[in-house]
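Presented below is the structure to which this report refers.
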Amino acid sequence: MEISTRDLLTVLHGMGFGALFMLAFSGAMAELYRMSAVGAPTQPSSRGQTLLACYLIGMAVLAWLTVFSGAYIVYPWYRAVPPAGVTDLAEYPRRLLLSSGRTSEWHNVGMEWKEHVSWLAPIAMTMVAYVTLKYRRAITRPRRMRTAVLGFAVAAFIATGIAGAFGAFLNKYAPVRGGAVIILMEGET
Amino acid sequence: MSTTQYGRGGGTDEEALPNGPAAAAILAAGIGCGAVGVLSFAGDASDSIGRMLNIYNPTGTLSGVTTVAIIVWLVAWLVLHRMWRTRAIAMGGINVAAFTLLLVGFLLTFPPFMDLLQGK
Numbered sequence: 001m002e003i004s005t006r007d008l009l010t011v012l013h014g015m016g017f018g019a020l021f022m023l024a025f026s027g028a029m030a031e032l033y034r035m036s037a038v039g040a041p042t043q044p045s046s047r048g049q050t051l052l053a054c055y056l057i058g059m060a061v062l063a064w065l066t067v068f069s070g071a072y073i074v075y076p077w078y079r080a081v082p083p084a085g086v087t088d089l090a091e092y093p094r095r096l097l098l099s100s101g102r103t104s105e106w107h108n109v110g111m112e113w114k115e116h117v118s119w120l121a122p123i124a125m126t127m128v129a130y131v132t133l134k135y136r137r138a139i140t141r142p143r144r145m146r147t148a149v150l151g152f153a154v155a156a157f158i159a160t161g162i163a164g165a166f167g168a169f170l171n172k173y174a175p176v177r178g179g180a181v182i183i184l185m186e187g188e189t
Numbered sequence: 001m002s003t004t005q006y007g008r009g010g011g012t013d014e015e016a017l018p019n020g021p022a023a024a025a026i027l028a029a030g031i032g033c034g035a036v037g038v039l040s041f042a043g044d045a046s047d048s049i050g051r052m053l054n055i056y057n058p059t060g061t062l063s064g065v066t067t068v069a070i071i072v073w074l075v076a077w078l079v080l081h082r083m084w085r086t087r088a089i090a091m092g093g094i095n096v097a098a099f100t101l102l103l104v105g106f107l108l109t110f111p112p113f114m115d116l117l118q119g120k
């Protein structure tokens with residue numbers, strides 16, 4: 001069982017950071033909605049508020065790690081230009097997708113949207129974490145502040161969902177390959 | 001936009017905090033998201049802008065789009081925070097502006113919508 005360094009870092013970008021952010025989202029939304037719902041039976045304790053703030057800061061950090069690792073580690077491998085004369089495009093995912101009309105829109109629509117829209121998530125989550133941390137229990141009172149916080153949190157989820165879904169499909173049709181091989185386990189032949 | 005001045009050095013209870021810092025953060029987030037959209041569109045529509053935004057060649061135009069958008073977002077946040085940190089701000093207009101800019105961010109990063117605007 002082996003994996004290349006590029007495979008490993010792509011998995012870290014998509015599953016380690018991006019998917020973990022998506023998984024964390026449901027918990028954050030449930031708590032933000034619960035504490036801000038009209039007629040909520042109980043107000044969260046100070047300790048509960050601190051935990052929520054830490055949780056949201058963790059999510060914002062994950063969102064930033066996802067976009068920076070994607071843009072500055074994985075994306076350069078994806079858009080690498082093959083040297084003249086190379087006909088096997090397996091290690092040049094962008095060129096591989098663009099080489100056929102049946103796959104080119106995965107790049108022209110999928111990657112082009114994913115690479116930009118994903119950046120809305122960390123900006124939105126940073127704001128959500130900041131406002132929640134600063135106002136703590138008071139965030140339950142002003143309806144419009146609450147609406148903005150919940151709305152931007154949902155927008156962060158949608159942006160990450162778009163990026164994650166296209167990322168999964170792109171990795172299916174034109175995976176990032178290459179790099180040093182790491183042998184994880186050796187079986188019997 | 002109506003605002004109310006709060007005194008500085010008030011109580012520590014967050015219930016007494018003016019909403020100005022939240023309004024600044026929310027509107028700045030909208031501005032940051034809108035900037036991602038506008039810069040993505042500009043980089044796609046104009047080759048010269050695209051080249052200017054290519055500040056790190058392995059990542060291409062995306063490097064400039066996102067770096068400039070982050071700077072715009074943080075500067076907007078800093079300026080708005082300094083203006084509104086002790087004020088109560090009417091949040092209705094802030095929310096409309098922030099969500100409109102967020103929508104701009106989604107639409108102007110969507111390639112078919114970019115193509116539609118460029119008549120492609």
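Quick mapping for you: the protein sequence lines, in order, are chains A and B. 1 is the number of the first residue of the first sequence in this note's numbering; add one for each residue after it. 1 is the number of the first residue of the second sequence in this note's numbering; add one for each residue after it. Heads up, the beta-carbon is just placed ideally off N, CA and C, and yes, glycines get one too.
Tell whether a beta-carbon distance below 8 Å holds between residue i and residue j.
| i | j | result |
| --- | --- | --- |
| T66 (chain A) | H13 (chain A) | yes |
| T109 (chain B) | S40 (chain B) | yes |
| A128 (chain B) | M145 (chain A) | A question about residue 128 (chain B) goes unanswered here, because the residues of chain B that appear run from 1 up to 120. |
| I19 (chain B) | T147 (chain A) | The amino acid occupying residue 19 (chain B) in the given sequence is Asn; Ile does not appear at that position. Not in contact: N19 (chain B) and T147 (chain A) (Cβ atoms no closer than 8 Å). |
| T66 (chain B) | A71 (chain A) | yes |
| V117 (chain A) | A159 (chain A) | yes |
| S4 (chain A) | A180 (chain A) | yes |
| G131 (chain B) | A97 (chain B) | Only positions 1 to 120 of chain B appear in the structure, and residue 131 (chain B) is not among them; the question remains open. |
Any beta-carbon of chain A closer than 8 Å to the one on residue i?
| i | result |
| --- | --- |
| G32 (chain B) | yes |
| L116 (chain B) | no |
| S40 (chain B) | yes |
| S2 (chain B) | Confidence in S2 (chain B) is poor, its pLDDT being 49 and thus under 50, which makes the residue's placement too unreliable to answer from. |
| G7 (chain B) | Bear in mind that a pLDDT of 41 at G7 (chain B), under 50, signals an unreliable position, so the number given afterwards is only what the model happens to contain. No, its Cβ sits nowhere closer than 8 Å to a Cβ of chain A. |
| P21 (chain B) | yes |
| T109 (chain B) | yes |
| G10 (chain B) | Note that G10 (chain B) scores 41 on pLDDT, short of 50, meaning its location in the model is unreliable and no value can be drawn from it. |
| L17 (chain B) | yes |
| I26 (chain B) | yes |
| A29 (chain B) | yes |
| L102 (chain B) | yes |
Is residue i close to chain B? Criterion is C-beta to C-beta, closer than 8 Å.
| i | result |
| --- | --- |
| G18 (chain A) | no |
| Y92 (chain A) | no |
| P76 (chain A) | yes |
| F21 (chain A) | no |
| H116 (chain A) | yes |
| R79 (chain A) | yes |
| R34 (chain A) | no |
| V11 (chain A) | no |
| P82 (chain A) | no |
Tell me the residue span of the alpha helix (DSSP H) that contains residue i.
| i | result |
| --- | --- |
| N2 (chain A) | The amino acid at residue 2 (chain A) is misidentified as Asn; the sequence shows Glu. Unbroken run through E2 (chain A) is the beta strand (DSSP E), 2 to 4; no alpha helix (DSSP H). |
| I89 (chain B) | Premise fails: I89 (chain B) lies in the beta strand (DSSP E), 87 to 89, not in any alpha helix (DSSP H). |
| I158 (chain A) | 143 to 173 |
| E91 (chain A) | Premise fails: E91 (chain A) is in no alpha helix (DSSP H) and is neither H nor E. |
| P112 (chain B) | 111 to 117 |
| K120 (chain B) | Careful: K120 (chain B) lies outside any alpha helix (DSSP H) and carries neither H nor E. |
| H116 (chain A) | 112 to 117 |
| Y75 (chain A) | 75 to 78 |
So the beta strand (DSSP E) residue i belongs to, where does it begin and stop?
| i | result |
| --- | --- |
| V68 (chain B) | It is not in any beta strand (DSSP E) - V68 (chain B) instead sits in the alpha helix (DSSP H) that spans 61 to 84. |
| V181 (chain A) | 181 to 183 |
Contacting positions in the segment 122 to 140 of chain A - beta carbon closer than 7 Å to chain B: I123, A124, M127, Y130, V131, K134, Y135, R136, R137, A138
Interfacial residues, the segment 153 to 176 of chain A to chain B, with Cβ spacing under 7 Å:
A155
Problem set entry | Segment contact flag, the segment 76 to 83 of chain A with the segment 125 to 139 of chain A, C-beta cutoff 8 Å, min 3 pairs | no
Is the segment 114 to 133 of chain A touching the segment 52 to 66 of chain A, taking contact as three or more C-beta pairs under 8 Å? yes
(Q) So, does the segment 80 to 99 of chain A touch the segment 147 to 162 of chain A, judging by three or more C-beta pairs under 8 Å? (A) no
Across the segment 65 to 79 of chain B and the segment 32 to 39 of chain B, are there enough close Cβ pairs to call them in contact, namely three or more that are closer than 8 Å?
Yes, they touch.
Counting Cβ pairs closer than 8 Å, one from the segment 173 to 188 of chain A and one from the segment 153 to 162 of chain A, do we hit at least three?
no
Listed from N- to C-terminal order along the chain, which residues in the segment 52 to 68 of chain B have their beta-carbon within a distance smaller than 8 Å of any beta-carbon of chain A?
Y56, P58, T59, G60, L62, S63, V65, T66
Contacting positions in the segment 44 to 74 of chain A - beta carbon closer than 8 Å to chain B: V67, A71, Y72
- Within 7 Å of chain A by C-beta, residues of the segment 75 to 99 of chain B in sequence order: M91, G92, N95, A98, F99
Original post:
Between the segment 80 to 99 of chain B and the segment 99 to 106 of chain A, do at least 3 Cβ pairs fall closer than 8 Å?
Top reply: When Cβ pairs closer than 8 Å are counted between the two stretches, the segment 80 to 99 of chain B is seen not to touch the segment 99 to 106 of chain A, the count staying below three.
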